[in-house]
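Everything in the sequence shown is counted per the working numbering, starting at 23 for the first residue and increasing by one. Here the structure is laid out as structure tokens; the discussion comes afterwards.
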Amino acid sequence: MKVGIIGGGAVGLFFAASLSQWFPVTVFTRTQEQAHTIQTKGIKVEEAGELSVRFPEAAPMDQFSRYAMDCIFIAVKQYQLPAILERLTESSVSPALIFLQNGMSHLTVLKTLPHQHLYVAAVEHGVLKSDTADIHVRGRGQTKIAVFRGDERAISAIVEQAAPSFPFEWKADYESMLLGKMAANSVINPLTAVLRVTNGELISNPYYLKMAKTIYREFSSVFANKLSAGAWEEIVHICRKTAPNRSSMLKDIESKRPTEVDAILGYVLSQAAEKDLKLPALQGLYYMIKGLEYKEAE
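In structure tokens:
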């Protein structure tokens, strides 16, 4: 089974390095330089003090049409999806597509794709990219995955083969699965980005904890009937488990990159507006992140 990975960020590189143990994998990168580095030096994975190197194939995204894949993992940010989807719809082949994005704003777009087998996933691994093709695994978890369209059998070979060391967990309902991840993203990512603190400080500082609870209450008011009963406890657990980590949104702000705030808080606010709900704390947090993006762009 030929596997494609679109995206040379931390998650894309981790999936490529992991799945290349069992399958022929090709990573599609934004630049020729990164593809060349992967081809010649491999993907270096540091985990628990040990270093391993994997050598999947690699090519820049502008050569994507030359390859035929059985399935493709799309590991780019939400705001990078439009250009990727355009290439996927232009292709004459129709591989199974697995989307690894944070947030839920991409779900509407997925309905327009012609592909028979579509999946969405929530990645629970903690991975940091330290160089062009170097990653540091800070916490190994699993990938929750659900069918958006089609059936499980199209990618069952991957899920079953990778299970021992790179586990996937099938979920029956993609919406509730993504909401659990988005609840954590809505609380942890923007708050740590605005406060410039590690994940653990959100629960160790009593005043930051009060703010986190406020954001969660507003979030849960929008999705009350679809959130699991233990969603707040899971957020606290994530903060404890990843206490020294800096969230992806904080790292985006620090690196002067665009964030995924529109795909996360923007989606929550759009759903609240449809229900005529007011979310003052969450709305304020959204404006703060947009303000930080604006400031860094100047």
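Yeah, the Cβ is synthetic: ideal placement off N, Cα and C, and Gly gets one too.
Take residue i as the anchor and find which of the options has the nearest alpha-carbon.
i           : options           : result
residue 123 : 110, 133, 149, 95 : 95
residue 35  : 157, 184, 284     : 157
residue 256 : 84, 190, 146, 152 : 146
residue 168 : 54, 120, 40       : 120
residue 69  : 231, 26, 148      : 148
residue 264 : 311, 214, 112     : 214
residue 316 : 305, 303, 279     : 279
residue 181 : 165, 85, 246      : 165
residue 238 : 210, 285, 93      : 210
residue 52  : 105, 89, 88       : 105
residue 307 : 143, 284, 244     : 284
residue 226 : 266, 189, 192     : 266
residue 144 : 108, 163, 244     : 163
residue 282 : 92, 103, 116, 27  : 103
Taking the continuous beta strand (DSSP E) assigned at residue i, which residues delimit it?
i           : result
residue 75  : 72-76
residue 171 : 165-171
residue 191 : 190-193
residue 158 : 156-161
residue 48  : 47-51
residue 94  : 93-96
residue 39  : Premise fails: residue 39 lies in the alpha helix (DSSP H), 32-41, not in any beta strand (DSSP E).
residue 186 : Unbroken run through residue 186: none, as it is neither H nor E.
residue 152 : 148-153
residue 28  : 25-28
In terms of residues, what are the limits of the alpha helix (DSSP H) holding residue i?
i           : result
residue 58  : 54-63
residue 274 : 270-276
residue 235 : 228-244
residue 134 : Counting along the chain, residue 134 falls outside any alpha helix (DSSP H), and DSSP gives it neither H nor E.
residue 202 : 196-217
residue 257 : 253-263
residue 295 : 289-296
Buried or exposed: where does residue i fall if 16 or more other Cβ atoms within 10 Å of its Cβ makes it buried?
i           : result
residue 128 : buried
residue 299 : exposed
residue 99  : buried
residue 30  : buried
residue 71  : exposed
residue 229 : exposed
residue 130 : exposed
residue 314 : buried
residue 134 : exposed
residue 75  : exposed
residue 108 : exposed
Tell me the rounded alpha-carbon separation between residue i and residue j.
i           : j           : result
residue 185 : residue 97  : 20 Å
residue 289 : residue 125 : 7 Å
residue 150 : residue 66  : 12 Å
residue 43  : residue 50  : 18 Å
residue 56  : residue 232 : 43 Å
residue 246 : residue 205 : 11 Å
residue 112 : residue 196 : 26 Å
residue 179 : residue 45  : 10 Å
residue 240 : residue 303 : 8 Å
residue 326 : residue 286 : This structure leaves residue 326 out entirely; the chain is present only between 23 and 320.
residue 258 : residue 207 : 12 Å
residue 110 : residue 153 : 28 Å
residue 235 : residue 33  : 28 Å
residue 332 : residue 118 : Since the displayed the chain opens at 23 and closes at 320, residue 332 lies outside it and no answer follows.
residue 85  : residue 271 : 30 Å
residue 37  : residue 223 : 29 Å
residue 54  : residue 294 : 42 Å
residue 301 : residue 312 : 16 Å
residue 64  : residue 47  : 12 Å
residue 41  : residue 87  : 22 Å
residue 305 : residue 268 : 22 Å
Run the proximity test for residue i: is its beta-carbon closer than 7 Å to any non-hydrogen atom belonging to the ligand ZN?
i           : result
residue 176 : Because no ligand of any kind appears in the structure shown, any question about the ligand ZN cannot be addressed here.
> If we count Cβ pairs, one from each stretch, closer than 8 Å, do we get three or more for the stretch 53-63 versus the stretch 74-86?
Replying inline: Enough Cβ pairs lie closer than 8 Å, so yes.
> Does the stretch 260-275 come close enough to the stretch 217-237 to have 3 or more Cβ pairs within less than 8 Å?
Replying inline: They touch, by the three-pair rule.
>> Does the structure place the stretch 130-150 close enough to the stretch 167-174 that three or more beta carbon pairs sit under 8 Å?
In response: The stretch 167-174 is in contact with the stretch 130-150.
> Does the count of Cβ pairs from the stretch 196-204 and the stretch 240-257 closer than 8 Å reach three?
Replying inline: The stretch 196-204, when compared against the stretch 240-257, does touch it at the 8 Å Cβ threshold.
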